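Asks:
In the working numbering, the protein residues as written are 2 to 405.
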């Protein structure tokens with residue numbers, strides 16, 4: 002995905018006073034005419050069953066990028082649930098796009114509901130949709146949604162994440178679910194996968210409307226970006242952190258001077274000579290010889306037919322390079338000890354992310370909490386159940402017990 006070119010030109014006829022803060026890159030004032038000329042990359046390719054929109058057409062950078070009505074998921078459609086595309090705003094005015102799943106045999110009953118999102122860099126047509134549809138088959142109303150700035154959801158620039166805004170996305174999903182006729186608003190839970198596990202815990206600590214929370218192979222993305230993901234432990238030394246910060250802030254100068262938002266992998270590597278660098282893409286286009294086992298796990302899901310989706314950052318793009326700055330300075334789970342609701346933390350025995358789950362479990366203040374380690378499972382085994390290792394029955398049991 003090509004970087005987006007920005008301009009600081011001020012047009013004399015109609016100046017728009019809305020200032021768009023580009024997520025830790027720089028702040029610019031857009032004119033109405035400039036907004037109307039936002040890049041064509043925001044247009045979704047016209048396909049049968051697709052409602053295409055663009056920020057150019059709506060003059061609203063927070064509007065959905067697209068609303069695809071046809072089934073375009075990486076998993077088969079279930080006949081046991083009804084499905085519909087929905088939109089809802091978050092507190093920052095960004096319109097999120099989701100898929101609402103409702104059991105077809107619901108009758109007139111109000112049901113417990115679960116908001117689902119993740120993994121980090123994925124879209125609702127991948128893992129979160131599979132989890133949502135499966136839990137709907139088990140009797141819940143579920144909502145899988147694209148976080149702000151990604152997938153079909155609104156927000157500009159594209160391909161950026163925020164510890165604050167993405168935590169808010171979960172609460173916005175609670176807002177939406179609580180207004181649906183099928184939902185008992187006193188029985189709403191959250192489920193976060195991978196990087197959205199930490200976001201779900203963060204939201205559940207703050208949002209008293211959430212009655213139970215679960216995670217699957219969770220990451221704490223503030224720790225992942227702020228300290229590096231190592232082999233069962235943090236990778237960065239204090240000196241490495243300073244090198245990464247200098248690298249990212251040097252990129253801010255480049256972005257400000259060029260008017261171009263650089264994109265790359267969010268994981269910054271520091272070599273033995275103190276040089277920082279990042280890959281050009283979230284994942285390589287082709288798998289290198291003798292790849293790192295974790296890279297191969299991700300590649301085999303996101304870049305192969307098994308899990309590839311064109312709107313997924315991990316499948317088909319890169320993040321804004323300076324995105325880690327916010328995560329390095331605003332840690333998630335700062336108030337985890339204050340959580341009081343039931344929590345289920347699921348991870349794999351061989352998941353490289355296991356230490357995130359174990360440390361989060363230990364930090365949670367909930368008296369009613371469970372750490373479930375799935376035997377023989379790695380991180381990506383719990384994305385799509387190809388290996389048959391996602392413990393859906395345990396998620397079902399947890400939410401049916403805790404959302405009574």
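No residue lacks a Cβ here, since even glycine has one placed at the ideal position from N, Cα and C. Keep in mind that this is a model prediction, so the values were computed, not measured.
Express the C-alpha separation of residue 135 and residue 190 in angstroms, rounding to a whole number.
Replies: Locating residue 190 in the chain shown gives position 189, where the first residue counts as 1. Locating residue 135 in the chain shown gives position 134, where the first residue counts as 1. Distance between the alpha carbons of residue 190 and residue 135 is about 15 Å.
Asks: So residue 383 is in the beta strand (DSSP E); what residue range does that whole segment cover?
Replies: Counting from one through the chain shown, the residue named residue 383 turns up at place 382. Careful: residue 383 lies outside any beta strand (DSSP E), inside the alpha helix (DSSP H) at 382-385.
Asks: Nearest to residue 266 by alpha carbon, out of 314, 309, 183?
Replies: Locating residue 266 in the chain shown gives position 265, counting from the first residue. Considering only alpha carbons, the answer is 314.
Asks: Would you give the residue range spanned by the alpha helix (DSSP H) that residue 223 belongs to?
Replies: Taking the first residue of the chain shown as 1, we reach residue 223 at position 222. Element bounds for residue 223: 222-228.
Asks: Whole angstroms are fine: how far does the CA of residue 248 sit from the CA of residue 361?
Replies: Residue mapping note: residue 361 aligns to position 360 of the chain shown, counting from 1. Residue mapping note: residue 248 aligns to position 247 of the chain shown, counting from 1. Going by the C-alpha atoms only, they are around 29 Å apart.
Asks: Taking only three categories from DSSP, how would you classify residue 389?
Replies: Here the question's residue 389 lines up with position 388 in the chain shown. Residue 389 falls in the coil class under three-state DSSP.
Asks: Classify residue 141: buried if its beta carbon has 16 or more other beta carbons within 10 angstroms, exposed otherwise.
Replies: By one-based count along the chain shown, residue 141 stands at place 140. Within 10 angstroms of the beta-carbon of residue 141 lie 16 or more other beta-carbons, which makes it buried.
Asks: Here's the rule: buried if 16 or more other CB atoms are within 10 angstroms of the residue's CB, otherwise exposed. What is residue 264?
Replies: Mapped onto the chain shown, residue 264 falls at position 263. By the neighbour-count rule (16 or more Cβ atoms within 10 Å), residue 264 is buried.
Asks: Since I believe residue 216 is in contact with residue 358 (beta carbons under 8 Å), could you give me their beta-carbon distance rounded to a whole number of angstroms?
Replies: Start at 1 with the first residue of the chain shown, and residue 358 comes out as number 357. Start at 1 with the first residue of the chain shown, and residue 216 comes out as number 215. The beta-carbon distance between residue 358 and residue 216, rounded to whole angstroms, is 7 Å. This is short enough to meet the 8 Å contact definition.
Asks: Could you name the residues of the same chain whose beta carbon sits closer than 7 Å to that of residue 79, not counting the 5 residues immediately before and after it, in chain order?
Replies: Against the chain shown, residue 79 aligns to sequence position 78. Cβ within range, chain order: 134, 138.
Asks: Would you kindly report the start and end of the unbroken alpha helix (DSSP H) that includes residue 262?
Replies: Taking the first residue of the chain shown as 1, we reach residue 262 at position 261. Counting along the chain, residue 262 falls outside any alpha helix (DSSP H), and DSSP gives it neither H nor E.
Asks: Alpha carbon to alpha carbon, what distance is there between residue 289 and residue 262?
Replies: Your numbering for residue 262 matches position 261 in the chain shown. Your numbering for residue 289 matches position 288 in the chain shown. Whole-angstrom Cα-Cα distance: 27 Å.
Asks: Do you know offhand how far residue 102's Cα is from residue 82's?
Replies: One-based indexing of the chain shown puts residue 102 at position 101. One-based indexing of the chain shown puts residue 82 at position 81. The straight-line gap separating the alpha-carbon atoms of residue 102 and residue 82 is approximately 6 Å.
Asks: Does the Cβ of residue 368 have 16 or more other Cβ atoms within 10 Å, making it buried, or fewer, making it exposed?
Replies: Working through the chain shown from its first residue, we reach residue 368 at position 367. It is exposed - the Cβ of residue 368 has fewer than 16 other Cβ atoms within 10 Å.
Asks: Residue 127 and residue 384 - do their beta-carbons sit closer together than 9 Å?
Replies: Here residue 384 is taken as the residue at index 383 of the chain shown, counted from 1. Here residue 127 is taken as the residue at index 126 of the chain shown, counted from 1. Closer than 9 Å, so yes.
Asks: What is the rounded straight-line gap between the Cα of residue 481 and the Cα of residue 196?
Replies: Absent from the model: residue 481. The displayed extent of the chain is 2 to 405, so no value can be given.
Asks: Per DSSP, what are the beta-bridge partners of residue 160 in this structure?
Replies: Looking up residue 160 in the chain shown gives position 159. Beta-bridge pairing links residue 160 to no other residue.
Asks: For the ligand NAP, is there any heavy atom lying closer than 8 Å to the beta carbon of residue 267?
Replies: Of the ligands one can find in the structure shown there are none, so the ligand NAP has no counterpart to examine.
Asks: CB-CB under 8 Å to residue 187, same chain, minus the five flanking residues each way: which ones, in chain order?
Replies: As a first step, residue 187 must be located in the chain shown, where it is residue number 186. For residue 187, the CB contacts under 8 Å within the same chain, skipping 5 residues up- and downstream, are 212 in chain order.
Asks: Just to check my reading of the structure: residue 91 and residue 170 have Cβ atoms closer than 8 Å, yes? What is that Cβ distance to the nearest angstrom?
Replies: Position 90 of the chain shown, counting from 1, holds the residue named residue 91. Position 169 of the chain shown, counting from 1, holds the residue named residue 170. So it is a contact: roughly 6 Å between Cβ atoms.
Asks: Based on Cα-Cα distance, which residue from 342, 130, 252, 308 lies nearest to residue 322?
Replies: Within the chain shown, numbered from 1, the residue matching residue 322 stands at position 321. Closest by alpha carbon: 252.
Asks: Between residue 365 and residue 340, how many whole angstroms is the CB-CB distance? I'm expecting something under 8 Å.
Replies: Taking the first residue of the chain shown as position 1, residue 365 is located at position 364. Taking the first residue of the chain shown as position 1, residue 340 is located at position 339. About 5 Å; that satisfies the 8 Å criterion.
Asks: Applying the 10 Å Cβ sphere with the 16-neighbour rule, what's the burial state of residue 387?
Replies: On the chain shown, residue 387 is found 386 positions in, with the first residue counted as 1. So residue 387 ends up on the exposed side.
Asks: Kindly indicate the opening and closing residues of the beta strand (DSSP E) around residue 185.
Replies: The residue given as residue 185 occupies position 184 in the chain shown. Following the DSSP letters along the chain, one finds residue 185 inside the beta strand (DSSP E) bounded by residues 184-194.
Asks: Measure the alpha-carbon distance for residue 402 versus residue 373 and round it to whole angstroms.
Replies: Numbered from 1 along the chain shown, position 401 holds the residue referred to as residue 402. Numbered from 1 along the chain shown, position 372 holds the residue referred to as residue 373. Approximately 16 Å, taken between the alpha carbons.
Asks: Assuming residue 227 and residue 328 form a contact by the criterion Cβ under 8 Å, report the distance between their Cβ atoms to the nearest whole angstrom.
Replies: Taking the chain shown and counting its residues from 1, one reaches residue 227 at position 226. Taking the chain shown and counting its residues from 1, one reaches residue 328 at position 327. With a Cβ gap of about 6 Å, residue 227 and residue 328 count as contacting.
Asks: Given that a residue counts as buried once 16 or more other Cβ atoms are within 10 Å of its Cβ, and exposed if not, what is residue 222?
Replies: Taking the first residue of the chain shown as position 1, residue 222 is located at position 221. Flag for residue 222 reads buried.
Asks: Alpha carbon to alpha carbon, how far is residue 89 from residue 154? Give it in angstroms, no decimals.
Replies: Along the chain shown, read from residue 1 onward, the residue named residue 154 stands at position 153. Along the chain shown, read from residue 1 onward, the residue named residue 89 stands at position 88. Approximately 9 Å between the Cα atoms of the pair.
Asks: Taking the C-alpha atoms as reference points, what is the distance between residue 236 and residue 242?
Replies: Translated into the one-based positions of the chain shown, residue 236 becomes position 235. Translated into the one-based positions of the chain shown, residue 242 becomes position 241. Cα-Cα distance, rounded: 10 Å.
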